[in-house]
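Novice: Chains as they are written, first to last, in this note's numbering: chain A, 16 to 199; chain B, 65 to 886; chain C, 4 to 210; chain D, 689 to 1016. Glycine included, every Cβ here is placed at the ideal spot set by N, Cα and C. Just dropping this structure here.
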Amino acid sequence: MIPFAFYLFAILITGLFLVTVMSKNVLYAMTSLAAGMVLISGLFFILGADFLGVVQLIVYVGAVMAVYAFAMMFFDVTRDVEERHDKPWLVFLLGGGIAVTLVVIFAAPIMGETVHALYPPVAGATNPQAVGLVLFTKYLLPFEVASVMLLVAMIAGIILAGKKMEISLSAMDEDMIADTKEHA
Amino acid sequence: MMSKNITITIDGITCQAQEGDFILNVARAHGIFIPAICYLTRCSPTLACRICLVEADDKRVYSCNAKAKDGMNVITQNEAILEERRAIMEVYDVNHPLQCGVCDQSGECELQNYTLELGVDAQHYAIPDTKRGTADWSTVLHYDAGLCIVCERCVTVCKDMIGDAAIKTGPRGGDPLDKAYKETMPKDAYSMWNKLQKSVIVPSNGTEYTDCSDCGECTAVCPVGALTEQDFVYQTNAWELKQIPATCAHCSSGCHIYYETKHTSIENPEEKIYRVKNEWNYQSLCGAGRFGYDYQNSHVTKEKPAFDRAIAAVKKADIIRFNSVITNEEALMLQTLKEKQGVKLVNPEARALQSFLRYYGEASGQGIYPDDFKTIMKESDFVITVGTKLRNDNPNVRYVFNNIQKMNKGAGFYFHPVGDTLIPTFGKSVATFEHKPGEEELAMYVILDLFANREALPELVRKTIESYHSTRTKTVTEKVMETVTTTQVDPETGEEKEVTKKVPKTVKKEVEYDHNGLVEALGADAENFGDLFDKMMKKKESFALILGEDLYFHPRAENLARLAALVETACGMKLAMVPPKSNSLGVALLCDLDAEAEGYVVGYNEPGDFALSALGTGDLDMPAFNQQEGTLTTMNKRVVPTNAAIEYGGYELNDLMNGLGLGKTLTIDWTASLPTDRGFRAVDFDALPNGYTNDGQEHRGYPLDVPAVPKRASEIEAFDEGIILEGTLAYRCNPQRQFNDFTDKSHQIFEAFALYASPARAEELGERVVVEFAKGSLELDVIAEERISGAIVEIPDFVSDKNIYALFGDNRYATVTLRKGS
Amino acid sequence: MSLEHFKNRNVGTQNYRMLDLDPTPVTGWGQFKQVVRRSLSLELLVGLKVTLREMLKALLFGKMHTTKYPFEKLPIGPRYRAIHEMKRLLESGHYRCIGCGLCEKICPADAIRMDTHYGENQRKEVSEYTINFGRCIFCGYCAEVCPELAIVHGGRYETASEQRASFSLFEDMLTPIDQLKSQREFPGYGSVSVNADTNIKKTPLAY
Amino acid sequence: MMEVTYLGIIIKAILILAIISAIAGFGTYIERKVLAFMQRRLGPMHVGPYGLLQIAADGIKLFTKEDFIPQNANKLMFMVAPVITAATAFIALSAVPVFPDFTIFGIFVPSIAADVNIGILFVLGMMAAGLYGPLLAGMSQANKWGIIGAARTAAQFISYEVVTGLSLLAPIMMVGSLSLIDFNHYNETHPWMVFMQPVAFVLFLIAGFAETNRTPFDLLENEAEIIAGYATEYSGMRWGMFFIGEYANMITVSVLASIIFLGGYTDLWFIPGWLAIILKIAFMFFLMLWVRASWPHVRPDQFMWLAWKVLMPLAVINVVITGIVIMV
C-alpha cells in the first residue's frame, strides 16, 4: 500500500512540476506548483512525519504560493507567456547540473548505507515533540540564526515596503500628487 | 352698382367702407368685435338676436341692420349696451339644456362663447320649460328643438342664399312671460325673449319633413347644436377633429371646404372624415359637397403586377378616356402623355366647353368668359341664365341667382326647356321661359332685343329681331273712378240727402302694344310681357348673363358663342359660363381634346379596356379626390388647391408617368409647370393659400389670367328653325346632389340613377321605363320630381359606366322613345 | 435677490445637528487606542442585542412585519389612485359616462379613447371606452376633469396581466350592476360639494 | 468488537460528505430564516411547510441552471476552482472529531475519520489550501471584479491564517498537543478553554469569520463593492459548490471552536456529550448568522490593518503571557 502511494505521489508530483516548468500559462504553472506542494505533504504523511506534512501545507501552499499568486495577479492570466531563451543549452546545463548534484548529494549516503540517526527519535515523543527536541538541541544555533535572519529580513522588508506608506494618493488632491511626482 | 367710398369711426378706429355697407360688416372687416348671433354676412339681417346693438352717433342701432354713413362715429360697447347684451345672453341661457358635455356643437358653440364673453355667471330670469323634441327633417337633417335659440339663421340662409325657403319659424307653445319682467328687464332682451318663447323652427311646407335640396347649409350656420347632420350626431366632439382645408371637387364651383377627420374607432386607427365644414359666411355648400365626402379609395396597397400591367396598357393605349373629376396636375400629365406618346384624350364634356370657349374667343377676342360668379352675385341686380338647368347643374349658380333676387332686389330671366317650379319662387321679378330645345338662339335674340341698342346691332340680328315685332292691340281692364250720386234717407231725421260718391269701376279697353314675337316663341305671355319687363327693369343697373352646358352641346354652339359675345358688347352685360363638370375648365385649358375614336382605351375613372379608377373597381387603383393633393380650376376662374384628408397607399398617376420616364418626384411638382400661356402661374403648390379673411376676401390659390386671343371676323348666322327638337325628349341632367360616381359612392347621398320626370309625367310613365335612343337603350326606374314641370324627362349621367354621353351624342337633348319597362 | 439664493439647492429644513464624534485618530497609537476603547466598550454587542431583540419580538410576540402578499392584502387607502372605475348612477343603474370626451382630450398620455353614437333613446351613448394601461400614467386628470364623476380611480392595483386589454374595456371598469349598492364615493376635489344644494340658485330646473 | 476498517473509513467519508452537504443546504435555509426573523420577516414560506423544501427547490434550480463559462476564461481552472473549495472544506472536516466514539451494530466507530495526531494543524492547513478556490476562480474568469476578489482572497487568507495560528498557539501550549481529541480530553478535567483563553477565543472567532468568508468580513465577494467578487461569473452548481464549501467551512470552524474553546463533546451536567456538542455547534453557527444580521461590512484596508496591527500583536502578546504563566 505504501509503495503504491509513494509511486503515485511521486509520479503526480513530477508530472505537476513538469507542467509548472513547461506550461506557458501562468495560471496552470502556479496551480500545478501549488498542487505539487500539496502532494509533497502527502509524502511526508506517508513517512509518518505528520507535523512536517502539515507545515509543508501551511507554509508552502497556504503562504508561499499565495504570495506567488498575489504577484501573478499583475499578469494577464488569460494570455500565454512567451519565454525568451537566449541560451537554452546554458539553462539546460545549469538546471541539469543542479539536479544531478542534488541527486548525488541525497543519494550518496543511501548508496553508501551510512545513514545513521545521530539523534535517534525519543521513544514516546510525538511527531511535533520530536521535531521540537531536534530543533532545540542539536540545531538550536542554526534555528536561532535562521530566526534572527528572518527577523532581519522581515524588518528590512517592512522598512523597504513601508517607505512613503504614510502618503496616501487617494487622500491627496491633484496638485499634491503632481508635487510628489516632481520630487520623485 | 358702383358705390362711394366713405370713412367711419368705430371705437376710435378709422374704417374705410363703401356706402351701403352695414356697420357690422365694416367692423368685422377691420377686426373690431361686435357680438352677433343671428346675422349672416351675405344674407339679409334677421334682427332676431338684437345683441349687435351699438351706438352710432349717440343713437342706438342694430349694427347688422344699420348702414354706415360717411363720418359716422360708432361705439360698440358702453355700460348700457353691455347690460342689454348680458340680459339677452341670460335670456338665451334660460332653459337651454345644460348638456354641453354631449352636445355636438360644444367647443364651437356661439352660445357658449357669447355666454362666456359677456360674463353671464348668474341667471336672473326663469320660466317653465316647454317640452321640445327632436326631429329628423330629412335623410340628413337632424333638429333638436330643445337646443334651438331661434336665431333664425337657418331660415335666413335657406331663403336668402339657398333659395329653398324650406324652413320657417313655427309656434312653440311656451308659456307667456311674466308681465313683471316687462318693467324690470331691458327692453330688447324682453322682446327677444317674448319672441323666443313663442317660436321654434319648423319645415315650411307644414309637414314634418323639409322639402328641400338637402344641402345642409342650415346645419352649418346653426350657432348651437340644434341643427346637425344626422350622421354626425353624437359621433365625436368638435375639438377632436383635425381640419384639413381642401376644395370640393364635385362640381365646377370648387367650393372651399374643411374635411374634418379623426381616427375611425377604438379598434381602427385609420383616419376617417366625420364631416365637411365650410366658411359659411363667405361660401355656401351644396348637399353633395357637405355630405358626399366618404368616397375615398380605401385599403389600397401598391400592387406591382397591376402597376406593370398599367404601364403596359398606357404604352399600348390609343385613347385615354377621362372625365373632369381630375386635378389640373393630372390633366397636365395626360396632356404630356398625349404629346410624348401620341394618345388621344377623350373627355366629351370638357371638349364641348373647350370648343365653345374657342368659338367665343374667336368672336370676342377673349380667351375665356370675362366675369366670375362671385362678382355677379355681389354686383348684379339683373341676371339671365340661358342653357343651364339652374337647380341641377351647379348649386352655386343657383345660389347666385337666388341671392341676387333677395339681396340686390334683383330680377332674373330663366331660359330653359325643362320647367322648374322652384326658380319662380326665388323672387317676384323672376321670369321663366320654358322654350323648346333648339331655341336658345332666340333667347339670345330676346336679350339683345331687350337690353341692346338696336341700332348698334349687326344688320342680320336687327332684322331678325325686327321681324318678330309687330304692333297689336289687346284688351286691358282698367279701373276708372266714376262719380255716382245717390239719394239716401237719414235714419234719424228721415231727411233725404243727395250723396256724391266715387265708385271704382273696371273698364275694358283696347290698346295698342308692341307685340314681341320672340317672347311668344319662347313660351311666354307676349301680351303682358312689356309691362312686366318695365317693372323688372326698375332701378336696375348691373346685368349679367350666365350660359350653361346646353349651349356647349348645342348643334349651333358656334353661332351661340358669337351671339354671347355680341350680347356682352352690345348690352354691356357681365358674362359667365358654367363649366359642365368639376374641373372641365381646367381640362379645357390644359388638354388638347379629341373626338371619340376607336382603339385601345385606357379609362381614368371611366370605362375602358384598362381602367385606372379611384372607385376601387378598376384594374389599377387611383387616389380619390379626398386623398389627393393638387389644384382645380373653378368656374370663378381661380386655380385653387386641395389637400389630402385620408391616407392613400397605392399608385398615383404621377407614378405611372414615372414608370414611363415622364414623371416628377411628386404630383404637386407639376403645379408650377402648369402652362403660363394658358393663364396659369408658375407657383409652387405649397405656396398656394386656401382660406378667407375676415372681410370675406378669398385667398385661395390664384386667379387665372387667360391671355386674349386673336379675334376673327365671323358673321352671325341666321336662326334655323329646323334644329328645334320636337316629340318625346330626354334631357341629360343629374339629380340635385349627384354629380359623378363619387357622390354616388357617398353614403349620405341617396339620389338614384333613374329617370326623373314631373309628377304628372311620372304617373303616365309608370314605375319602370325603357328609354330608346338612336344609339341604344336603357331601362330605368321612374322617379317623380316635384320640382320638374313639363314633359321632358331627365336622365342622369353621373354613373360613368352607363356611358350616357355616348347615348346622347353631341347634344344634351335627345329624342327618345319611352316604353313601359318590366 | 442674489444668485447664491438659487445656487443653494439645500431645500430641506436645514435642521442639521453635529454629532459629538471623537476626532479621527491620525497616529497608529491613536487608532489602536480607539480600537481598544471601542472593543472594550462592547459597542458591537449593542448591534447583536438589537437584532436578537427584533427576532424575539417577531417570533414570540407575533410582531412579524411580513404580509404574505398574494394571499393577504393590506387594506388600501380609500382614495388610492389605481385602475380606473366607471361609476353608475345610483338611482337608475345606468352608467354615468355621457361620452363628453373631456378625459380623452385632457389625457396627457393619450391613453383614452371612446366611441359614441346616437342612442335609441335619443341620448349620446358610449359604444366603447378604453384606457390603454400601457400608456396611462395615472395622473388622475381624467377623473378630475370628468363633469359627471363617472370615471374615478379605484383601488385595483394589480395590473399584471396577459393582455393589456384586460382591465381597459368599458364593461370591466364599470361597477357591476349587482354591486351598485356598494358603489362608494368620496368627498373631496372634483366631487359635488357638500353645500351644493344651497349653492344652486333658482333655475328653470326648479320647476 | 470489530475495529474500524478501510471500508469503514470510506463509509464514514461518504457519510460525512452526505451529511455535511445536507447540513450545508439546510444551513442556507436556517440562514435565510434567521436573517428574516431578525428583520421581522418570515423568510421562505411557500415551498413545503414553513418553506422547508426551499433547499430542494434551490438544489433543483442550481442543478438545472445553465452552466456557462465566459468566453475568455481559462476553462479548466474555471471549472476546477469550485471543486477545490468544496474539496478542501470536506478534507478539513475529515480530521475533526464531532462525537464521542460510539458503537453501532456491534462495530466500534471512532468519532473521527482520520485521526492525525496534529489534527488542529491539519485543519488549519486544509483551510489554508482552501484559498485556492476563490483565488483561481477569480483569476481564471477574465473579469476585473473576479481579479479584485482573488486579490482580496490572497491578502485576507494569508493575513488571517497568521492570526488563526497564533491565537490557537496559546491553547495548544496549554494542552500540549495538536490532537483535537486531546483538546477534548483536556476539557474533561479543566474548565472550558474559553474561560482560560478568552483573548484567544475572540481572536479565533474573528479569524474564523475571516477565513470562512462570512459577513462582516466577506470582502472577497462583497456585493456592494465588487459585484460578487470571485463568484461573479459563476452560476448553477459551480456556484453551488462555492456555497457548500463556505457552509462546510462554517461548520468546521463551529466544530473547532466548540471543541477547543467550549468544552467539546464532554458531557455537560445532565446533557450527554453528543447533544452538548450539537448545541454548541448550533450556537456557533447561529452566532455567524446573528453577526451577519447585525454588523456592517468592514473596509478592506481597515481589515488588513486590523489583522496586522491589532490582532497579530494581541495574539503574540497572548502567547507570551501564556508562556510566562505556564513557566511560572
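1) Check whether the Cβ atoms of Q163(B) and I101(C) sit closer than 9 angstroms, and answer yes or no.
2) How about L175(B) and I101(B): are their beta carbons less than 9 angstroms apart?
3) Need the endpoints of the beta strand (DSSP E) that R124(B) sits in, please.
4) Looking only at DSSP bridge pairs, what is V665(B) linked to?
5) Anything in chain B within Cβ reach of Q125(C), meaning under 7 angstroms, just list it in chain order.
6) What number of angstroms, rounded off, separates the C-alpha of D188(A) from the C-alpha of F871(D)?
7) Are at least three pairs of beta-carbons, each pair with one atom in the region 583-595 of chain B and one in the region 416-434 of chain B, less than 8 angstroms apart?
8) List, in chain order, every chain F residue whose beta-carbon is nearer than 7 angstroms to that of I192(A).
9) Who are the Cβ neighbours of T325(B) in its own chain at under 6 angstroms, not counting the five residues just before and after it?
10) Helix, strand or coil, according to DSSP, for I96(B) in the structure here?
11) Per DSSP, what kind of secondary structure is M689(D) in: helix, strand or coil?
12) Judging by CA-CA distance, which residue of K366(B), C276(B), K602(B) is the nearest neighbour of P687(B)?
13) Taking only beta-carbon positions, decide if V872(D) is within less than 9 angstroms of chain A.
14) For M65(B) and E128(C), what's the separation of their Cα atoms in angstroms?
15) Which same chain residues, not among the five before or five after T535(B), have their C-beta less than 8 angstroms away from its C-beta?
16) So, under 8 angstroms CB-CB, C106(C) and C149(C) are touching, yes? Tell me the CB distance rounded to an integer number of Å.
17) What separation, rounded to the nearest whole angstrom, lies between the Cα atoms of K178(A) and I772(D)?
18) Beta-carbon separation of R745(B) and Y795(B) under 9 angstroms?
19) Since R987(D) meets chain C, which of its residues come closer than 8 angstroms, beta carbon to beta carbon?
20) Can you name the start and end residues of the beta strand (DSSP E) that L205(B) belongs to?
21) Please report whether the beta-carbon of W978(D) lies at a distance below 9 angstroms from any beta-carbon of chain C.
22) Given that M767(D) touches chain A, what residues does it touch there, using C-beta distances under 9 angstroms?
23) Which residues in the same chain as I43(A) place their Cβ atom closer than 7 angstroms to its Cβ, once the five residues preceding and following it in sequence are excluded?
24) Roughly how many angstroms separate the alpha carbons of R84(C) and N135(C), rounded to a whole number?
25) Run through the region 828-884 of chain B for me and flag every whole beta strand (DSSP E) of 3 or more residues, listed as ranges in chain order.
26) Which residue or residues does DSSP assign as beta-bridge partners of N332(B)?
27) Would you mind reading off the limits of the beta strand (DSSP E) that contains V264(B)?
28) Would you mind reading off the limits of the beta strand (DSSP E) that contains N137(B)?
29) If you follow the beta strand (DSSP E) that F446(B) is in, where does it begin and where does it stop?
30) So F725(D) contacts chain C; which residues on that side make the cut at Cβ distance below 7 angstroms?
31) Taking Cβ positions only, does S95(C) come closer than 9 angstroms to chain B?
32) At least one CB of chain D closer than 9 angstroms to the CB of M187(A): is that the case?
33) Applying the 10 Å Cβ sphere with the 16-neighbour rule, what's the burial state of E899(D)?
34) Here's a check: name, in chain order, each residue in its chain whose Cβ is nearer than 6 angstroms to the Cβ of M726(D), leaving out the five neighbours to either side.
35) For a test of the three-state rule: what should DSSP assign to C959(B), helix, strand or coil?
36) Among the residues of its own chain, which have a CB less than 8 angstroms from the CB of Y210(C), if the five just before and after it don't count?
Specialist: Well, looking at it:
1) The Cβ atoms of Q163(B) and I101(C) lie closer than 9 angstroms to each other.
2) yes
3) 123-126
4) I383(B)
5) Here the neighbours are T198.
6) Distance between the alpha carbons of D188(A) and F871(D): 55 angstroms.
7) no
8) Here the protein chains are A, B, C and D, and chain F is not one of them.
9) K306, E335, I337, A709
10) coil
11) Any reading at M689(D) needs caution, since the residue's pLDDT is 39, under 50, leaving its predicted position unreliable; the model's value is listed next. DSSP places M689(D) in coil when its eight states are reduced to three.
12) K366(B)
13) The sequence shown places Asn at residue 872(D), not Val. No, N872(D) lies away from the interface with chain A (no Cβ there is under 9 angstroms from its Cβ).
14) In this prediction, M65(B) scores a pLDDT of 45, lower than 50, which makes its location untrustworthy; the coordinate-derived value is nonetheless stated afterwards. Looking at the two C-alpha atoms, the distance is approximately 54 angstroms.
15) E576, Y577, D578, H579
16) With 8 angstroms as the limit, C106(C) and C149(C) qualify as a contact, their Cβ atoms being about 6 angstroms apart.
17) 37 angstroms
18) no
19) Within chain C, no residue comes near R987(D); the closest Cβ sits about 13 angstroms away, beyond 8 angstroms.
20) 205-208
21) yes
22) The premise fails here: M767(D) is roughly 12 angstroms from chain A at the closest Cβ pair, so nothing lies under 9 angstroms.
23) Residue 43(A) is actually Tyr in this sequence, not Ile. These residues qualify, in order along the chain: V34.
24) 16 angstroms
25) 832-836, 841-848, 857-859, 877-879, 881-884
26) Bridge partners of N332(B): none, in fact.
27) For V264(B), the enclosing beta strand (DSSP E) has its first and last residue at 263-267.
28) 137-139
29) 446-450
30) M58, A61, L62
31) no
32) no
33) Result: buried.
34) Result list for M726(D): A981, in chain order.
35) Past the boundaries of the shown model lies residue 959(B); chain B is included only from 65 to 886, so the question cannot be answered.
36) Residue confidence for Y210(C) is low, a pLDDT of 42 falling below 50, so the modelled location carries little weight; the figure read from the coordinates is stated next. Contacts found: none.
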